[in-house]
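If you number the sequence shown the way the UniProt record's numbering does, the last residue is 361 and the count never jumps.
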Amino acid sequence: MLPNKKAIGIIKKYMNLAINNNFFEEDFNEFGKKLVRELIDKNLLVKTGDGTYTLKAEDEEELMHSKIGALKEAVEKFAIPSNIKSRKNPKVLDLCSGFGYNAVAALHFNKDAEIDMVELCREVLFLSLCLNIPFKEHEIIKNSIKNFFMGEETKNLKIRVFNEDARKVIKRLDKKYDIVFHDAFSPQRDPILYTVDFLKEIYKKMNNNGVLISYSSSIPFRSGLVEAGFVISEGPSVGRKRGATIAYKNPSFEVGRISEIDERVIALSTVGIPYRDVHLNAIKEEIIKNREVEREEFKRTLISLGKYYSTKRIKKGNIDNEFLKIQKMDLNSSEVIKKMRKLLLNRNEILKQTLMQKNIY
Ligand SMILES: C[S@@+](CC[C@H](N)C(=O)[O-])C[C@H]1O[C@@H](n2cnc3c(N)ncnc32)[C@H](O)[C@@H]1O
């Protein structure tokens with residue numbers, strides 16, 4: 001999903017003028033302010049709680065950032081939980097980099113950070129040049145974005161800009177990352193960057209001590225992270241009811257658990273079926289539909305095994321005690337989920353069931 005169509009149309013007009021006129025050299029500030037004013041007047045660019053701005057999404061119900069504050073979210077939900085401050089020369093992959101709030105916050109906490117920004121929408125990148133994010137590091141990000149627009153080589157730069165679908169760019173990236181900011185629009189509206197297959201590609205590009213952060217706590221997303229090999233834990237809940245997600249590649253320390261209810265729902269309920277996109281090129285409608293089909297199949301299998309529980313029962317913990325015992329073990333959430341799933345889908349039982357159906361057993 002992209003930002004609001006009307007907004008993109010307006011930005012495009014200004015963007016083409018600026019590019020054709022070499023960014024007006026001295027006068028760009030006034031030009032940028034004019035664009036910002038027009039978007040605010042048309043109620044497309046919206047002020048958030050900390051005074052920084054966000055844009056409406058294609059689906060106007062959704063904004064690009066939290067209402068509580070776009071920069072506040074970047075600092076409290078992404079930069080601080082990533083522990084970027086105490087990492088040495090961290091390499092950051094900023095997926096869905098948008099205006100660059102997360103990149104600005106990353107540099108603010110660690111000036112040595114190397115950042116690869118990946119953003120599909122050129123107009124969003126351009127608008128960043130016209131905004132004033134109140135951290136001086138925004139100037140560094142603006143310079144890189146401007147270099148990108150001027151067609152200058154960014155290959156050896158500390159901050160690189162990739163204006164492409166993240167699913168295409170991910171395989172080509174030549175670095176291993178310590179931190180991944182995953183900041184796509186919500187999986188309910190657009191799951192293309194929340195699939196197991198895309199998450200597996202991210203996993204391959206991360207260092208062993210790497211961490212991925214997303215504001216989303218969606219069950220199929222967390223389930224996809226577990227299937228891709230991550231150890232999942234709960235992040236801060238800035239401006240939302242549920243916490244963000246912090247996922248580690250191979251943590252060398254004890255990782256906090258997500259809630260026991262979420263562990264059970266991911267492992268045992270059809271809600272825990274993740275999104276899939278094997279060739280990394282499906283459209284969102286296809287990904288959503290395929291997941292629905294897989295949920296139905298999973299439900300049928302569980303019913304035939306006599307192991308189907310409604311999500312309500314799973315949430316209440318009104319299930320076989322063997323599952324609850326796993327949750328009392330000294331394990332991280334990903335281990336708990338995998339163990340519960342294994343118990344649920346005991347291979348021998350499934351084989352027995354299949355043979356019985358074929359009248360062989
Ligand atoms: C929630 S906003 C991210 C905000 C951003 N992190 C910031 O600091 O301003 C989501 C962004 O993802 C971009 N996007 C959507 N689909 C994408 C894709 N397939 N690959 C890369 N970026 C994408 C949108 O254009 C939008 O700018």
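Glycine included, every Cβ here is placed at the ideal spot set by N, Cα and C.
In the DSSP assignment, Tyr-248 falls within the beta strand (DSSP E) that extends over 245-248.
Ala-18 and Asn-147 have their C-alpha atoms roughly 13 Å apart. Counting along the chain, the unbroken beta strand (DSSP E) around His-182 starts and ends at 177-182. Here Met-1 has Ala-57, Glu-58, Asp-59, Phe-185, Arg-189 and Asp-190 as same chain residues with Cβ atoms under 7 Å from its own Cβ, once five neighbours each way along the sequence are excluded. Exposure of Val-293 is indicated by the presence of fewer than 16 other C-beta atoms within 10 angstroms of its C-beta. Here Gly-151 is not near Val-196, since their CB atoms are 8 Å or more apart. If you compare the alpha carbons of Ser-217, Asp-183 and Lys-175 with that of Asn-207, the shortest gap goes to Lys-175. By the C-beta density criterion, Glu-76 is buried, having at least 16 other C-beta atoms within 10 angstroms. Judged by DSSP in its simplified three-state form, Glu-234 adopts strand. Closest in C-alpha terms to Ser-217, from the list Ile-326, Ser-233, Asn-21 and Glu-139, comes Ser-233. A residue is called buried once 16 or more other Cβ atoms fall within 10 Å of its Cβ, and Asn-102 is buried on that count. Every unbroken stretch of the alpha helix (DSSP H) spanning 4 or more residues and falling wholly within the region 11-61 is given here in chain order: 28-41. Taking 4 residues as the shortest admissible run, the region 55-143 contains the following complete alpha helix (DSSP H) segments, listed from N- to C-terminal end: 70-73, 101-109 and 122-130. Excluding residues up to 5 positions away in sequence, Glu-76, Lys-77, Pro-81, Gly-243 and Ala-244 lie with their Cβ nearer than 7 Å to the Cβ of Pro-236 in the same chain. The beta carbons of Ile-266 and Ile-219 sit closer together than 8 Å.
Non-local C-beta neighbours of Tyr-14 in its own chain, meaning closer than 6 Å and more than five positions away in sequence, comprise Leu-35, ordered along the chain. Setting aside the 5 residues that flank it on each side, Pro-90 is surrounded in the same chain by Ile-84, Asn-110, Ala-113, Asp-178 and Ile-179, each with a C-beta closer than 7 Å to its C-beta; the list follows chain order. Here Asn-4 has Leu-44, Leu-55, Lys-56, Ala-57, Glu-58 and Glu-60 as same chain residues with Cβ atoms under 8 Å from its own Cβ, once five neighbours each way along the sequence are excluded. DSSP, read as helix, strand or coil, puts Phe-253 in coil.
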